[in-house]
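Student: The structure under discussion is supplied below as structure tokens; questions concerning it will follow.
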Amino acid sequence: MGVVRTIVFPALRLIVWALIAVALLWIAFVRTGQGETDAAASPYAVVDPPAATVTRGDVVNTVNLQGTIEADPATTVKSTAAGQVGRVRAEVGDDVDEGTPLFTVLVTVEPPAPTDPVDPAAPPARPTTKTVTVTSTVAGTLATLDVLAGQDVTIGADVATVSPGTLTVSAPLTQAQQFRLLAPPTTAQVTVPGGPGTFECTGLRTGNPATAQEQPPGAGGYVDPYADPSSSMTGAEVTCAVPDGVQVFAGLTATVDVTAGQSTGVLLAPVTAVRGTVGTGTVWTVGEDGSQTETQVVLGLTDGQNVEVQEGLVEGQQILQFVPNTDTPADQFGGGMYGMGY
Numbered sequence: 221m222g223v224v225r226t227i228v229f230p231a232l233r234l235i236v237w238a239l240i241a242v243a244l245l246w247i248a249f250v251r252t253g254q255g256e257t258d259a260a261a262s263p264y265a266v267v268d269p270p271a272a273t274v275t276r277g278d279v280v281n282t283v284n285l286q287g288t289i290e291a292d293p294a295t296t297v298k299s300t301a302a303g304q305v306g307r308v309r310a311e312v313g314d315d316v317d318e319g320t321p322l323f324t325v326l327v328t329v330e331p332p333a334p335t336d337p338v339d340p341a342a343p344p345a346r347p348t349t350k351t352v353t354v355t356s357t358v359a360g361t362l363a364t365l366d367v368l369a370g371q372d373v374t375i376g377a378d379v380a381t382v383s384p385g386t387l388t389v390s391a392p393l394t395q396a397q398q399f400r401l402l403a404p405p406t407t408a409q410v411t412v413p414g415g416p417g418t419f420e421c422t423g424l425r426t427g428n429p430a431t432a433q434e435q436p437p438g439a440g441g442y443v444d445p446y447a448d449p450s451s452s453m454t455g456a457e458v459t460c461a462v463p464d465g466v467q468v469f470a471g472l473t474a475t476v477d478v479t480a481g482q483s484t485g486v487l488l489a490p491v492t493a494v495r496g497t498v499g500t501g502t503v504w505t506v507g508e509d510g511s512q513t514e515t516q517v518v519l520g521l522t523d524g525q526n527v528e529v530q531e532g533l534v535e536g537q538q539i540l541q542f543v544p545n546t547d548t549p550a551d552q553f554g555g556g557m558y559g560m561g562y
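With my numbering, letter number 265 in the sequence shown gets 485, and the count goes up by one each step, no holes.
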């Protein structure tokens with residue numbers, strides 16, 4: 221037992237310490253050097269930016285919008301005479317045409333001033349009355365009629381409203397969508413969930429509604445300073461008329477698809493590769509040696525995924541798939557013009 225304690229255990233202890241020292245030396249020198257060599261040879265040490273190929277194909281510029289069905293505003297009818305209401309000739313709910321009589325006004329007409337010497341004994345001339353008929357200025361349904369027989373009215377007073385009975389589809393536009401609809405068509409395809417199916421609305425217009433134009437700066441509420449301007453609402457909207465015979469109701473939601481042009485057999489590049497604005501932009505071409513060159517291009521239509529390149533590139537050319545040296549999605553996607561999803 222004394223031999224084990226004095227010889228065997230100390231020998232084993234020395235062997236264990238020797239193994240530990242060897243392992244530490246191997247980790248410190250051999251393993252570290254191998255790791256550096258592997259890192260230098262690893263394909264993930266330097267990541268080349270992804271490239272895309274300029275292809276040829278078709279592009280359809282269809283902008284998909286979310287909107288609502290709205291009743292067209294009623295027209296206000298004003299009194300065209302001052303006097304006392306005589307006979308009310310229409311009732312609320314009546315269908316009227318332009319020129320339909322609504323009520324009459326008894327107007328007092330003072331006698332003209334005499335031009336010849338007046339006989340003091342002669343009785344004074346009495347005023348007379350004439351009847352003026354106030355009529356509807358538009359066709360539609362009489363929504364309100366705010367007069368009663370015997371009531372006094374003045375010229376220009378609001379006396380009635382006529383609802384046209386028509387509906388309009390309205391959809392707000394983002395900044396990027398406005399750029400895509402610089403030359404909008406006159407019609408759009410509208411789908412109302414649970415409704416009559418897709419139908420064509422006519423008289424399509426883009427622009428700012430009157431309420432937005434009259435709204436003073438800053439009255440629209442809080443504006444997020446960090447919001448992407450290309451995806452924020454601008455106050456502009458698309459409107460078109462619901463055709464007669466299509467049964468929808470005010471307040472319903474609708475999807476509006478506006479197709480503003482298409483091109484076939486054109487050069488296409490990913491929208492993520494383009495930085496620019498309407499008509500012109502910049503892409504980065506990739507040479508055979510891997511060099512990258514900023515190149516000016518002329519742009520055409522886009523479908524939100526690809527953009528037509530009219531000048532500056534050739535079919536099969538390699539370009540960077542993403543705009544370099546950008547941090548935000550708006551910058552990476554072409555300055556917020558072509559790269560945003562629609």
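All residues carry an ideal CB built from backbone N, CA and C; glycine is no exception.
Which stretch, first to last residue, makes up the beta strand (DSSP E) that contains Ala291?
Tutor: Thr275 to Ala291 is the extent of the beta strand (DSSP E) around Ala291.
Student: Report the rounded CA-to-CA distance for Ala377 versus Arg309, giving the unit in angstroms.
Tutor: 18 Å
Student: Assuming Leu424 and Val462 make a contact with CB atoms under 8 Å, what is their CB distance in whole Å?
Tutor: Under the criterion of beta carbons closer than 8 Å, Leu424 and Val462 do not qualify as touching, at roughly 12 Å.
Student: Reducing DSSP to helix, strand and coil, say where Ile240 ends up.
Tutor: helix
Student: Give the DSSP-derived three-state secondary structure of Pro230 in the structure shown.
Tutor: Looking at Pro230 - three-state DSSP - the assignment turns out to be helix.
Student: Using a Cβ-Cβ cut-off of 8 Å (strictly less than) and excluding sequence neighbours within five positions of Val498, which residues of its own chain qualify?
Tutor: Closer than 8 Å at the Cβ level, and outside the excluded window around Val498, lie Phe399, Leu402, Leu519 and Met557.
Student: Measuring CB to CB, does Val503 end up less than 7 Å from Gln538?
Tutor: no
Student: Out of Thr226, Val352 and Gly287, point me to the one whose CA is closest to Cys421's CA.
Tutor: The residue among Thr226, Val352 and Gly287 with its C-alpha nearest the C-alpha of Cys421 is Gly287.
Student: Specify whether the segment 480 to 499 and the segment 299 to 314 touch according to this definition: at least 3 beta carbon pairs, one from each stretch, less than 8 Å apart.
Tutor: no
Student: Kindly indicate which three-state DSSP category Phe323 falls into: helix, strand or coil?
Tutor: strand
Student: Helix, strand or coil for Phe469, going by three-state DSSP, please let me know.
Tutor: coil
Student: Unbroken beta strand (DSSP E) runs of length 3 or more, entirely within the segment 467 to 523: which are they?
Tutor: 473 to 490, 500 to 506 and 512 to 522
Student: What's the call for Asp523, buried or exposed, on a 16-neighbour Cβ count within 10 Å?
Tutor: buried
Student: In the structure shown, what three-state DSSP assignment does Leu245 receive?
Tutor: helix
Student: Per DSSP, what are the beta-bridge partners of Ser390 in this structure?
Tutor: Thr288 and Thr459
Student: When you compare only the Cα positions, how much space is there between Thr394 and Pro416?
Tutor: 28 Å
Student: What would DSSP say about Arg400, mapped onto helix, strand or coil?
Tutor: helix
Student: Ile539 lies in the beta strand (DSSP E); which residues open and close that run?
Tutor: Per DSSP, the continuous beta strand (DSSP E) segment holding Ile539 begins and ends at Gln538 to Leu540.
Student: Using beta-carbon positions only, say whether Val527 and Ala489 come within less than 7 Å of one another.
Tutor: yes
Student: Can you tell me whether DSSP reads Gln218 as helix, strand or coil?
Tutor: The structure shown does not extend to residue 218, since the chain is modelled only from 221 through 562, so no value can be given for it.
Student: Per DSSP, Ser383 forms a beta bridge with which residues?
Tutor: Paired residue(s): Thr361.
Student: When the Cα atoms are used, what is the spatial distance from Asp464 to Leu387?
Tutor: One C-alpha to the other measures close to 9 Å.
Student: So, for Ile227: in the same chain, excluding its five sequence neighbours on each side, which residues have a beta-carbon less than 6 Å away from its beta-carbon?
Tutor: none
Student: Is the beta carbon of Ser383 sitting closer than 7 Å to the one on Ala294?
Tutor: yes
Student: Do Glu318 and Ser390 come within 7 Å of each other at the CB atom, strictly closer than that value?
Tutor: no
Student: What does the Cβ neighbour count give for Ser511, buried or exposed, with the cut at 16 atoms within 10 Å?
Tutor: exposed
Student: List the residues that DSSP assigns as beta-bridge partners of Gly417.
Tutor: Note: Gly417 sits in no beta bridge, so no partner.
Student: Measure from the alpha carbon of Glu531 to the alpha carbon of each residue in Ala231, Thr500 and Val305, then state which is nearest.
Tutor: When the alpha-carbon of Glu531 is set against those of Ala231, Thr500 and Val305, the nearest one is in Thr500.
Student: Gln525 by DSSP, collapsed to three states: which one?
Tutor: In the structure shown, Gln525 sits in coil (DSSP, three-state: anything other than H, G, I, E or B).
Student: Since Ala369 and Val305 are thought to touch, with beta carbons under 8 Å apart, how far apart are those beta carbons, to the nearest angstrom?
Tutor: 6 Å
Student: Tell me the residue span of the beta strand (DSSP E) that contains Arg346.
Tutor: No beta strand (DSSP E) contains Arg346, which DSSP labels as neither H nor E.
Student: What is the residue span of the beta strand (DSSP E) that Ala377 lies within?
Tutor: Here Ala377 belongs to no beta strand (DSSP E), and DSSP marks it neither H nor E.
Student: Drop a sphere of 10 angstroms on the beta-carbon of Thr374, count the other beta-carbons inside from all chains shown, and report buried for 16 or more, exposed for fewer.
Tutor: exposed
Student: Check each candidate in Ala480, Phe469 and Gln409 and name the one with the smallest Cα separation from Asp292.
Tutor: Phe469
Student: State the start and end residues of the unbroken beta strand (DSSP E) segment that holds Gly306.
Tutor: Gly303 to Val308
Student: Have a look at Leu472, Val491 and Gln541 and flag the residue whose alpha-carbon is nearest the alpha-carbon of Glu290.
Tutor: Leu472
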